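One gets my numbering by counting positions in the sequence shown from 1 and adding 214 to each.
Using N, Cα and C, we set each Cβ at its ideal position, and we do this for glycine too.
All of these numbers come straight from a predicted model, not from anything done at the bench.
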Amino acid sequence: MPFSIISDEFLLPSPLVRLEDEYTSAAGVALYLKREDLIHQQISGNKYRKLFYNLHQARAEGKQTLLTFGGAYSNHIYATAAAGYLHGFQTIGVIRGEATEPLNETLAFAQAAGMRLHYASREAYRHKTEAEFIEKLRHEFGDFYLVPEGGSNAFAVRGCEQIISELEQEFDYVACACGTGGTLAGLVVGLLQQNKKANVLGVPVLKGADFLYQDIAKLLADYQQVYNIDYNLPQAAAARFELFLDYHFGGYAKRNQDLDKFIVWFQAKHDVPIEFVYTGKILFGIYDLIKKEYIRKGQKVVIIHTGGLR
């Protein structure tokens with residue numbers, strides 16, 4: 215998409231649509247999709263939610279530059295560049311791997327939106343969270359507000375928490391795909407803070423993602439500290455979500471014929487665009503859990519469409 219068409223129009227709250235088809239009807243399940251992909255043309259889904267309070271924090275700290283990390287096809291890099299352009303921040307993207315010309319669509323857009331691209335070898339990139347690595351970046355670029363890879367931190371959790379406040383009905387489950395765990399952590403916090411009874415179902419898009427339980431607990435502990443929560447948030451949250459680790463289809467950005475066939479069927483049936491990295495996998499997982507009767511007759515489920523489309 216041309217850089218000159220960075221939109222300043224936001225659609226909030228995002229629409230909630232009912233998914234009715236032969237599978238939901240046969241199972242007697244009320245399935246809904248929250249269309250977070252429609253929030254904004256370039257800053258959609260959980261990227262908008264994660265960046266919202268990070269931008270507020272950057273302003274509060276008097277920062278003028280955002281620095282973040284991502285791969286060459288990162289939706290987070292794309293969204294951060296757009297958000298920086300719209301809100302008057304300079305942006306720096308530390309990109310995993312070597313520079314390749316011509317730039318792909320993601321990096322071309324980011325650069326056109328004013329983002330300075332800094333490439334780090336895969337070996338160097340592994341140290342992106344270490345103090346010494348970050349200090350070298352500060353020495354090279356000056357002062358900046360650091361947004362972690364994927365945008366997940368306590369401020370991102372708060373942003374994703376707001377999704378729950380937009381759900382007026384009562385539901386049995388809220389479901390999302392998981393990469394870094396920030397969106398899921400925010401959903402759980404929202405349910406706890408608003409005394410809602412629903413639980414969260416998470417589908418990690420990475421293979422061997424047991425580590426997400428620990429990462430989510432860390433995000434919740436950080437949130438508790440930043441926002442002065444007066445109870446043990448990680449402990450309270452532990453009973454309110456479950457991860458289903460078998461819908462990764464081989465790992466991050468991996469796919470197979472079963473997933474592809476499902477996506478073709480879903481898009482034809484519901485006229486909703488989805489992709490195979492995140493939303494395709496959570497939808498496949500939820501439909502499979504319906505078939506297996508983990509999600510039972512009479513239950514209501516909201517699935518979060520986290521964007522990732524261009």
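**Item:** Close-in-space but distant-in-sequence residues of the same chain around Gly396 (CB under 8 Å, 5 per side omitted)
**Value:** Start at 1 with the first residue of the sequence shown, and residue 396 comes out as number 182. For Gly396, where only same-chain residues beyond five positions count, the Cβ hits under 8 Å are Asn260, Lys264, Gly364, Gly365, Ser366, Asn367, Ala370, Val371, Cys374 and Leu433.
**Prompt:** Where Gln283 and Leu426 are concerned, what is the direct C-alpha to C-alpha distance, given to the nearest angstrom?
**Reply:** The sequence position of residue 283 within the sequence shown is 69, counting from 1. The sequence position of residue 426 within the sequence shown is 212, counting from 1. Going by the sequence as given, residue 283 is Phe instead of Gln. Phe283 and Leu426: Cα-Cα distance of roughly 19 Å.
**Asked** What is the residue span of the beta strand (DSSP E) that Val417 lies within?
**Response** Within the sequence shown, numbered from 1, the residue matching residue 417 stands at position 203. Looking at the DSSP string, the run of the beta strand (DSSP E) that includes Val417 is Asn413 to Pro418.
**Request:** Alpha carbon to alpha carbon, how far is Cys390 from Gly242? Give it in angstroms, no decimals.
**Result:** Stepping through the sequence shown from its first residue, residue 242 is reached at position 28. Stepping through the sequence shown from its first residue, residue 390 is reached at position 176. One C-alpha to the other measures close to 21 Å.
**Close Cβ partners of Thr520 (< 7 Å) along its chain, the five nearest in sequence each way excluded** = Stepping through the sequence shown from its first residue, residue 520 is reached at position 306. For Thr520, where only same-chain residues beyond five positions count, the Cβ hits under 7 Å are Glu250, Gly259, Asn260, Cys390, Ala391, Thr397, Tyr492 and Thr493.
**Asked** How long is the line joining the alpha carbons of Gly262 and Ser239, rounded to whole angstroms?
**Response** For the purposes of this step, residue 262 is taken as residue 48 along the sequence shown, with counting starting at 1. For the purposes of this step, residue 239 is taken as residue 25 along the sequence shown, with counting starting at 1. Just to set this straight, residue 262 is Tyr in the shown sequence, not Gly. In a straight line, the C-alpha of Tyr262 is about 33 Å away from that of Ser239.
**Among Ala423, Glu223 and Gly285, nearest to Gly464 - alpha-carbon criterion** = As a position in the sequence shown, residue 464 is number 250, starting the count at 1. Here the closest residue by C-alpha is Ala423.
**Prompt:** How is the beta strand (DSSP E) around Gly284 delimited, first residue to last?
**Reply:** As a first step, residue 284 is located in the sequence shown; it is residue number 70 there, counting from the start. Segment Thr279 to Gly284, the beta strand (DSSP E) holding Gly284.
**Asked** So what does DSSP say about Phe490, is it helix, strand or coil?
**Response** If you number the sequence shown from 1, residue 490 lands on position 276. For Phe490, the secondary structure class from DSSP, reduced to helix, strand or coil, is coil.
**Item:** For Tyr586, the three-state DSSP class (helix, strand or coil)
**Value:** Any question about residue 586 goes unanswered here, given that the chain covers just 215 to 524.
**Prompt:** Whose C-alpha, out of Val403, Ala286, Glu236 and Leu230, is nearest the C-alpha of Tyr501?
**Reply:** By 1-based counting over the sequence shown, the position of residue 501 is 287. Measuring from the Cα of Tyr501, the nearest candidate turns out to be Glu236.
**Sequence-distant residues of its chain with Cβ nearer than 6 Å to Pro227 (five each side left out)** = To locate residue 227, count along the sequence shown from 1; it is residue 13. The residues are Glu380.
**Message:** For Ala313, tell me which candidate among Val516, Tyr333, Glu223 and Gln255 has the shortest Cα-Cα distance.
**Reply:** What you label residue 313 is simply residue 99 of the sequence shown in a count that begins at 1. Selected option, being the one with the closest Cα: Tyr333.
**Asked** Taking just the CA atoms, how far does Leu331 sit from Gln271?
**Response** The count along the sequence shown starts at 1 and reaches residue 271 at position 57. The count along the sequence shown starts at 1 and reaches residue 331 at position 117. Roughly 23 Å between the two C-alpha positions.
**Asked** Could you check where the beta strand (DSSP E) with Phe455 kicks off and where it finishes?
**Response** Counting from 1 along the sequence shown, the entry for residue 455 is found at position 241. Taken as a continuous stretch (DSSP letters only), the beta strand (DSSP E) holding Phe455 covers Phe455 to Leu457.
**Item:** Within 8 Å, strictly: CB atoms of Ile306 and Phe355
**Value:** Translated into positions along the sequence shown, residue 306 becomes position 92. Translated into positions along the sequence shown, residue 355 becomes position 141. Yes. Within cutoff.
**Request:** Would you identify the three-state DSSP class for Val371, choosing helix, strand or coil?
**Result:** On the sequence shown, position 157 is the one that residue 371 refers to. It is helical.
**Message:** Which residue wins for smallest C-alpha separation from Ile504, given the options Leu415, Ala286 and Ala435?
**Reply:** On the sequence shown, residue 504 is found 290 positions in, with the first residue counted as 1. Per the Cα distances, Leu415.
**Cα-Cα separation, Thr294 to Tyr437** = Here residue 294 refers to the residue found at position 80 of the sequence shown. Here residue 437 refers to the residue found at position 223 of the sequence shown. Whole-angstrom Cα-Cα distance: 22 Å.
**Prompt:** Looking only at DSSP bridge pairs, what is Thr320 linked to?
**Reply:** By one-based count along the sequence shown, residue 320 stands at place 106. Its beta-bridge partners do not exist; DSSP assigns none.
**Ala296 to Ala327 span [Cα, whole Å]** = On the sequence shown, position 82 is the one that residue 296 refers to. On the sequence shown, position 113 is the one that residue 327 refers to. In a straight line, the C-alpha of Ala296 is about 6 Å away from that of Ala327.
**Helix, strand or coil at His341 [DSSP, three-state]** = Position 127 of the sequence shown, counted from the first residue, corresponds to residue 341. Here His341 sits in coil by DSSP.
**Message:** For Arg310, tell me which candidate among Phe490, Asn470, Pro362 and Arg340 has the shortest Cα-Cα distance.
**Reply:** As a working mapping, residue 310 is identified with position 96 in the sequence shown. The option with the nearest alpha carbon to Arg310 is Arg340.
**Prompt:** Of all the options Ala286, Ala412 and Ile488, which has the alpha carbon lying nearest to the alpha carbon of Phe455?
**Reply:** The residue given as residue 455 occupies position 241 in the sequence shown. Comparing Cα-Cα distances from Phe455 to each of Ala286, Ala412 and Ile488, the minimum goes to Ala412.
**Prompt:** From Asn409 to Gln449, what does the alpha carbon distance come to, in whole angstroms?
**Reply:** Working through the sequence shown from its first residue, we reach residue 409 at position 195. Working through the sequence shown from its first residue, we reach residue 449 at position 235. Spanning the two alpha carbons is a distance of roughly 16 Å.
**As assigned by DSSP and simplified to three states, the class of Tyr461** = Along the sequence shown, read from residue 1 onward, the residue named residue 461 stands at position 247. In this structure, Tyr461 counts as coil in the three-state DSSP scheme.
**Asked** Taking 8 Å as the CB-CB limit, is Arg352 close to chain C?
**Response** The chain labelled as chain C is not found in the depicted structure, where only one protein chain is given.
**Message:** Here's the rule I'm using: 16 or more other beta-carbon atoms within 10 Å means buried, otherwise exposed. How should Lys475 be labelled?
**Reply:** For this step, residue 475 is matched to residue 261 along the sequence shown. Burial call: exposed.
**Asked** Would Val231 pass as a contact of Asp386 if the rule is Cβ separation under 8 Å?
**Response** Reading the sequence shown from its first residue, position 17 is the one you call residue 231. Reading the sequence shown from its first residue, position 172 is the one you call residue 386. No; because the gap between Cβ atoms is not below 8 Å, this pair is not in contact.
**Which of helix, strand or coil DSSP assigns to His254** = Within the sequence shown, the letter at position 40 stands for residue 254. DSSP places His254 in coil when its eight states are reduced to three.
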